[in-house]
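There are 4 protein chains.
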Amino acid sequence: MIIVMASRKKEDVDHVVAKVEELGYKAHLIVGVERTVIAAVGDERGKFRLQALESLPHVEKVVPILKSFKLAGREVKQEDTIVKVGSARIGGKTFSVIAGPCSVESREQITEIARTVKEAGAKILRGGAFKPRTSPYSFQGLEEEGLMLLEEAREKTGLPFVTEVLTPEQVPLVEKHADMLQVGARNMQNFGLLKAVGRAKKPVFLKRGMMSTLNELLMSAEYVLSEGNPNVVLCERGIRTFETETRNTLDISAVPVLKNLTHLPVIVDPSHATGHWALVGPMAKAAVVAGADGVMIEVHNNPAEAFSDGPQSLKPERFQQLMKEIVPLVKLAGKTI
Amino acid sequence: MIIVMASRKKEDVDHVVAKVEELGYKAHLIVGVERTVIAAVGDERGKFRLQALESLPHVEKVVPILKSFKLAGREVKQEDTIVKVGSARIGGKTFSVIAGPCSVESREQITEIARTVKEAGAKILRGGAFKPRTSPYSFQGLEEEGLMLLEEAREKTGLPFVTEVLTPEQVPLVEKHADMLQVGARNMQNFGLLKAVGRAKKPVFLKRGMMSTLNELLMSAEYVLSEGNPNVVLCERGIRTFETETRNTLDISAVPVLKNLTHLPVIVDPSHATGHWALVGPMAKAAVVAGADGVMIEVHNNPAEAFSDGPQSLKPERFQQLMKEIVPLVKLAGKTI
Amino acid sequence: MIIVMASRKKEDVDHVVAKVEELGYKAHLIVGVERTVIAAVGDERGKFRLQALESLPHVEKVVPILKSFKLAGREVKQEDTIVKVGSARIGGKTFSVIAGPCSVESREQITEIARTVKEAGAKILRGGAFKPRTSPYSFQGLEEEGLMLLEEAREKTGLPFVTEVLTPEQVPLVEKHADMLQVGARNMQNFGLLKAVGRAKKPVFLKRGMMSTLNELLMSAEYVLSEGNPNVVLCERGIRTFETETRNTLDISAVPVLKNLTHLPVIVDPSHATGHWALVGPMAKAAVVAGADGVMIEVHNNPAEAFSDGPQSLKPERFQQLMKEIVPLVKLAGKTI
Amino acid sequence: MIIVMASRKKEDVDHVVAKVEELGYKAHLIVGVERTVIAAVGDERGKFRLQALESLPHVEKVVPILKSFKLAGREVKQEDTIVKVGSARIGGKTFSVIAGPCSVESREQITEIARTVKEAGAKILRGGAFKPRTSPYSFQGLEEEGLMLLEEAREKTGLPFVTEVLTPEQVPLVEKHADMLQVGARNMQNFGLLKAVGRAKKPVFLKRGMMSTLNELLMSAEYVLSEGNPNVVLCERGIRTFETETRNTLDISAVPVLKNLTHLPVIVDPSHATGHWALVGPMAKAAVVAGADGVMIEVHNNPAEAFSDGPQSLKPERFQQLMKEIVPLVKLAGKTI
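Chains as they are written, first to last, in my numbering: chain A, 2 to 338; chain B, 2 to 338; chain C, 2 to 338; chain D, 2 to 338.
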């Protein structure tokens, strides 16, 4: 922690040095040409207390030096984490394709789509049973019935599935049925939910909030890890910017940044990021070559009549085409689908 | 709903017109100089289905015309909603000052601060018992004990209090103790929590997410209202932007925009918005003259040793000074503290 | 400058220390619990060279400590700069109202508006002759004729005027006619233009770019000051965010932040910030109490037929009303109009 | 243009209809369930006047239907524009690699780097002679001498070069020496400069402003095209967001969006977008598969001693490695380097 002093008076500097030492840190004084700086050296516990020194009038700012996450960091664990999702694997030398509709709408719909995406090469099925919707008047999902239909689809196709969980109370129910629990973008800092999935036995698919920095994403992963669940998959799904041609702005550079900072697998969701089917293919391919461990893609057999996210869903034939285009890129990246 | 066609071919236009009518809308065709536009007239139910028409290749875009909230809107209810919080009122001709520490830390701390802010003119106490923290290693609040200490402070000072609730399960407990339930910025789109506080009997203090639009804030209020709880207070607390001199950017224009769109009271929180005590006073005053129904201000008796948010907390004497400066502005705004 | 090392190996640290000393800085080594940090102490010249050390693989990051502006800073000049604009003054104990149409459209229009705003209490007239427009097909201004009409309006009313200059070549012409030269938001980092107005004899009205940090705004002021022109007025006019209810987001906290960092006067333009006339009044009042040195307001005698920015222009009667509401606030702020 | 009425009173609607017809448009009335909407059909001239109707109190909003650019649009010209830069081509089936240092620093530096990038497969050299710098105290470029050195490098290697022009006055000089004129991100809406390069005989390399929408980028291209210069190359170089791990956020989805909207070539600059050399490779590869027509990459023989942008520059051997990785991706994309 580096404390930049606003004042250079001896008494002010001494006061801050004394505070720093009171908090159990060693204080190093650096007298610069125009500023005096105090480096506080010591254990990170109580860091927020050091930060509070910023409230002193003769302190200009307090600059943290260390990353705030630990368990999620590469420094603690060099090798890539490989997460087991039913019969599938995410991470390492595998490139994982997760596909399916935004919402489970009916037995026919989910089964048909599951068959389609499996044939095309997807290894994990997605489908929402509990839907987080901006409007209380929008379709909220089939709920428990949706989970049953996803299980049926798994039985028929062998595909494990990931589905979203919205509240801590839902965790036991969803955990019973699903192969992986999704924490959605709007819940990335729902700390009660993070703790609950951290105590679950199934892996967690954690989507970056559209307003969240990568550091915050890793801190949210840290919540899950620190509760004892080591199986966390991160997902970049676009951030909110001023641009309106796309629903969000896919931050593809998040992939190499995260792969450098953390051992956890990183998936890209080009469907939610762009909001438009015609952009899904190019962005999925960009994800492969940028080093992602997989993609999550919305596929619907009849997008124009989907209950949700129709505009961003691929038709089956477009998904098949995309899979063909992705295969050689995955090979070039040294991975296998 | 306005559907802008990418194609001008008769068969494409006819196809979309048929789809629109299939969904129960009346279609008006407008053939412009360069574009053909279809206006879909009818009941808003099923709107998401109209939006899904955007997935058709010959549709350029679908533009909604109506606001998506109803109960929160001025059109449904012209007069200002006045929310009763224990002995206090928010809305109408009242300017409400809510003050207190970020976190409840001890009996002495919360009681002393409660006394201070009451003397200076605050009508509602704030204080966090359950704290949403970016890091799992940060202080997470005194939890139930914190609620007890807030109750004690209420007994001693007569000030009703607002405190944050983090999960649906906590709602019954917090509702039992607190006079108003706060839904924090990070939970603004935690729809499970919104539904739970919507079924509570206590008023709800709903903070704008730091990357949420005003429309989304009103949609979240709509969740609470549509569950039967009419007592919602909105709070602007800064949005996330590229600027780094302040913790967030206080969107002060949100105040008149919201006052125009909704009948719900609007409070401004300059402490979280700016992240620095020296900016709290000017922004609180700006809130008054911009038409806010009140301010929420962090006050701490010893900011440099606060467990959280020290840098943005006012010392008691600075808070008293601010209250003196605010009074004449409130009067000019035609309100009373 | 603080250099945070990624490596803790002696040879890596020694290498960076050697580089730092090669560049003429003194290196202080701080060996922390988890990181090694090198503080580079010395003259700021060559700072970009220190920053380039970030390209070394064993360096994690380079953190600057000093503000990058000098002449614009309070540290160099404690007392407020007061800028003389014809017969008017901006800064110190004066609250300046600058008003007029977006564009000069005709002799009648500019003269009538000048009379109106003068009567209501404005001290400086605004009006665009050279217009920066997003589209090449939009009205580009009356150009030199517009300057003549502004001069006529000045003769008739005694109001000095500010008008925008778009290119270095236009500076001599605009300088000949105008009392203050405006550099628009889109040109805030047009460094050729900044240097040209820095060599002019008239004061400069520098608008914050909608994509610019306050630090960058002050660096652009530094360009003007370092060319020898000490008369710079800063203007906050809204920044670009994700919110769409307003044209931009007025960053009102920029006012106290800037007043703390710089001695230069700070004006707020609520018309461009909000894009809607109904929001101009509340935001102008917020500016007064937040500590601004003035406001710039668009007034048009017939907004529905304005050549540009009609939606955000005040009608004369609304402007008069606003001036009445502002006067007592200015008095409370300890200033005079 | 769609006008959404706030009022449903006959007189208010009639008033707007009359205004619309006065402006030469045909008005179509659509009476919805909750809103009345007026569609204004006609020639786009005078569009800003229609927009000004938003200032009428009984109008809620005015929604434009048409794209505001014309010459830059695919509707006017279906086939891809191919831009000739000296001996090189940008657009169509060519994938163009533009490489070189941020700034020209010396004869040895630019010549050596030119040789290196040519050998590795680059077809165009980049190098700044006039540098736009945030600080007036930073290195401002070698100016005319830099142009001479670039010419020498061209003579020795045969590589045509692109270099930035900062002001309209510099256009004739830079045009005399360079093969393509760069308009930098900070000047994307410097309309005087856009007009000047629009009258030049050399192609224009137009960088997206870091807080500019794609629509605004195309409008800036429209300025150049409408002055008579048909040779415009667009460049995505990252936009400003809240994320701080990267210098800017590379908006890779801009590539397919632009390729759909315009016939102009689209280049990606991963060096400025990310600000860090380790991210340049993955983002360059993402650009290829997302459909870009090329990349612009900063290469420096000694990044740790570069005069500018050291941290984001590739060393020669890393650039060679990247070129090897790019070749098979370019082939898969159906293009040739």
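Here a beta-carbon is modelled for each residue, glycine too, at the ideal position from N, C-alpha and C.
Task: Cβ pair count under 8 Å reaching 3, the region 212-228 of chain C against the region 195-213 of chain B - done: no
Task: Reduced DSSP secondary structure (H/G/I, E/B, other) of F162/C - done: In the third sequence, counting from the first residue as 1, residue 162/C sits at position 161. It is a strand residue.
TODO: Look up E152/A in the DSSP assignment and say whether it is helix, strand or coil.
DONE: Locating residue 152/A in the first sequence gives position 151, counting from the first residue. Here E152/A sits in helix by DSSP.
- [ ] Kindly confirm or deny that the region 320-328 of chain A and the region 60-80 of chain B touch, where touching means at least three C-beta pairs closer than 8 Å.
- [x] no
TODO: Output, in chain order, the set of chain C residues within a Cβ distance shorter than 8 Å of A279/B.
DONE: Indexing the second sequence from 1 puts residue 279/B at position 278. Ordered by position in chain C, the residues that pass the 8 Å Cβ test against A279/B are P257, N261.
Task: CB of G122/D within 7 Å of CB of I338/D, strictly - done: Within the fourth sequence, numbered from 1, the residue matching residue 122/D stands at position 121. Within the fourth sequence, numbered from 1, the residue matching residue 338/D stands at position 337. Their beta carbons are under 7 Å apart, which means G122/D touches I338/D by this criterion.
TODO: Can you have a look at K11/C and say buried or exposed, based on whether 16 or more other CB atoms are within 10 angstroms of its CB?
DONE: Here residue 11/C corresponds to residue number 10 of the third sequence, with the count starting at 1. K11/C is exposed by the Cβ-count criterion.
- [ ] Can you check DSSP and say which residues form a bridge with H29/C?
- [x] Residue mapping note: residue 29/C aligns to position 28 of the third sequence, counting from 1. Assignment of beta-bridge partners to H29/C by DSSP yields A40/C.
- [ ] State the Cα-Cα distance for the pair L251/C and K132/A, rounded to the nearest angstrom.
- [x] Working through the third sequence from its first residue, we reach residue 251/C at position 250. Working through the first sequence from its first residue, we reach residue 132/A at position 131. Cα to Cα, the separation comes out at about 35 Å.
Open item on the list: Could you check whether the region 152-168 of chain C touches the region 102-113 of chain C, counting it as contact only if at least three pairs of C-beta atoms, one from each stretch, sit closer than 8 Å?
Closed with: yes
Open item on the list: Suppose contacts are defined by Cβ-Cβ distances below 7 Å. Is M211/A in contact with M211/B by that definition?
Closed with: Walking along the first sequence from the start, residue 211/A turns up at place 210. Walking along the second sequence from the start, residue 211/B turns up at place 210. No.
Open item on the list: Quick check on the DSSP output: the alpha helix (DSSP H) that includes S272/A runs from which residue to which?
Closed with: Here residue 272/A refers to the residue found at position 271 of the first sequence. S272/A -> alpha helix (DSSP H) spans 271-275.
Open item on the list: Using a 10 Å radius around the Cβ and a threshold of 16 neighbouring Cβ atoms, would you call P88/C buried or exposed?
Closed with: Counting from 1 along the third sequence, the entry for residue 88/C is found at position 87. One detail in the question is off: residue 88/C reads as Ser in this sequence, not Pro. Exposed.
- [ ] Take D5/D as the anchor and find which of E22/D, L24/D, A19/D, V32/D has the nearest alpha-carbon.
- [x] Indexing the fourth sequence from 1 puts residue 5/D at position 4. The sequence given here has Val at residue 5/D, not Asp. Here the closest residue by C-alpha is V32/D.
TODO: Check each candidate in F140/A, L280/A, C236/A and name the one with the smallest Cα separation from I91/A.
DONE: Taking the first sequence and counting its residues from 1, the one referred to as residue 91/A is at position 90. It is C236/A whose Cα lies nearest to the Cα of I91/A.
Open item on the list: Quick check: is the beta carbon of M284/A nearer than 7 Å to any beta carbon in chain D?
Closed with: Counting from 1 along the first sequence, the entry for residue 284/A is found at position 283. Interface residue, yes.
Task: Counterpart residues of C103/D in DSSP-defined beta bridges - done: Working through the fourth sequence from its first residue, we reach residue 103/D at position 102. Beta-bridge pairing links C103/D to no other residue.
Task: V296/C versus K124/C: straight-line alpha-carbon distance, rounded - done: Within the third sequence, residue 296/C is the residue found at index 295, counting from 1. Within the third sequence, residue 124/C is the residue found at index 123, counting from 1. Going by the C-alpha atoms only, they are around 11 Å apart.
Open item on the list: Our contact map puts F162/A next to A179/A with C-beta atoms below 8 Å; I'd like the distance itself, whole angstroms only.
Closed with: Numbered from 1 along the first sequence, position 161 holds the residue referred to as residue 162/A. Numbered from 1 along the first sequence, position 178 holds the residue referred to as residue 179/A. That belief holds up - the Cβ atoms of F162/A and A179/A are roughly 6 Å apart, short of 8 Å.
TODO: From the DSSP output, in three-state form, read off R67/B for me.
DONE: What you label residue 67/B is simply residue 66 of the second sequence in a count that begins at 1. One point to set straight first is that residue 67/B is Leu, not Arg, in the sequence displayed. In this structure, L67/B counts as coil in the three-state DSSP scheme.
- [ ] Determine the closest residue to P283/C out of V84/B, Y138/B, L333/B, G25/B, with distance taken between C-alpha atoms.
- [x] Position 282 of the third sequence, counted from the first residue, corresponds to residue 283/C. For P283/C, the nearest C-alpha among the options comes from L333/B.
Task: Where R90/A sits in the DSSP three-state scheme - done: Residue numbering aside, residue 90/A sits at position 89 when the first sequence is read from its first letter. Three-state DSSP puts R90/A in a strand.
Open item on the list: List, in chain order, every chain C residue whose beta-carbon is nearer than 7 Å to that of V42/A.
Closed with: The residue you call residue 42/A lines up with position 41 of the first sequence. Near V42/A (Cβ distances below 7 Å), the residues of chain C are I31, G33, V34.
- [ ] Kindly indicate which three-state DSSP category R108/C falls into: helix, strand or coil?
- [x] Position 107 of the third sequence, counted from the start, is the residue given in the question as residue 108/C. If DSSP states are grouped into helix, strand and coil, R108/C belongs with the helices.
TODO: Could you please give me the residues that DSSP links to E299/A through a beta bridge?
DONE: As a working mapping, residue 299/A is identified with position 298 in the first sequence. In the DSSP output, where bridge partners are listed per residue, E299/A has G101/A.
Task: Residues near T275/C by beta carbon distance below 8 Å, same chain, minus five either side - done: Here residue 275/C is taken as the residue at index 274 of the third sequence, counted from 1. So the list reads G239, T247, R248, N249, L251, V281, M284, Q313, once near-sequence residues are dropped.
Task: Short CB-CB distance (under 7 Å) between R127/A and chain C - done: Residue mapping note: residue 127/A aligns to position 126 of the first sequence, counting from 1. So no, R127/A is outside the interface.
- [ ] Could you name the residues of the same chain whose beta carbon sits closer than 7 Å to that of E80/B, not counting the 5 residues immediately before and after it, in chain order?
- [x] In the second sequence, counting from the first residue as 1, residue 80/B sits at position 79. H264.
Task: Proximity of K286/A and V38/D at Cβ, strictly below 7 Å - done: As a working mapping, residue 286/A is identified with position 285 in the first sequence. As a working mapping, residue 38/D is identified with position 37 in the fourth sequence. Cβ atoms of K286/A and V38/D: not closer than 7 Å.
Task: Host beta strand (DSSP E) of Q322/A (start-end) - done: Indexing the first sequence from 1 puts residue 322/A at position 321. No beta strand (DSSP E) holds Q322/A; the alpha helix (DSSP H) holding it covers 317-333.
Open item on the list: Please list, in chain order, the residues of the region 308-335 of chain D that have any C-beta partner in chain C closer than 9 Å.
Closed with: So the list reads F308, S309, D310, G311, P312, Q313, S314, K316, given in the order they occur along the chain.
TODO: Report yes if the C-beta distance between G101/D and L126/D is below 7 Å; otherwise report no.
DONE: Position 100 of the fourth sequence, counted from the start, is the residue given in the question as residue 101/D. Position 125 of the fourth sequence, counted from the start, is the residue given in the question as residue 126/D. Taking a C-beta distance under 7 Å as the contact criterion, G101/D and L126/D qualify as a contact pair.
Task: Cβ pair S309/D, S104/D closer than 7 Å - done: Taking the fourth sequence and counting its residues from 1, the one referred to as residue 309/D is at position 308. Taking the fourth sequence and counting its residues from 1, the one referred to as residue 104/D is at position 103. Cβ atoms of S309/D and S104/D: closer than 7 Å.
TODO: Give the residues of chain F in contact with Q52/C, contact being defined as C-beta atoms less than 8 Å apart.
DONE: The structure shown contains no chain F; its protein chains are A, B, C and D.
TODO: Compute the beta-carbon to beta-carbon distance between G199/D and G229/D, rounded to the nearest angstrom, for a pair I have assumed lies under 8 Å.
DONE: Walking along the fourth sequence from the start, residue 199/D turns up at place 198. Walking along the fourth sequence from the start, residue 229/D turns up at place 228. Indeed they touch by this definition, with Cβ atoms about 6 Å apart.
- [ ] Excluding the 5 residues preceding and the 5 following G43/C in the sequence, name in chain order all residues of the same chain whose CB lies nearer than 7 Å to its CB.
- [x] Position 42 of the third sequence, counted from the first residue, corresponds to residue 43/C. Contacts found: G25, Y26, K27.
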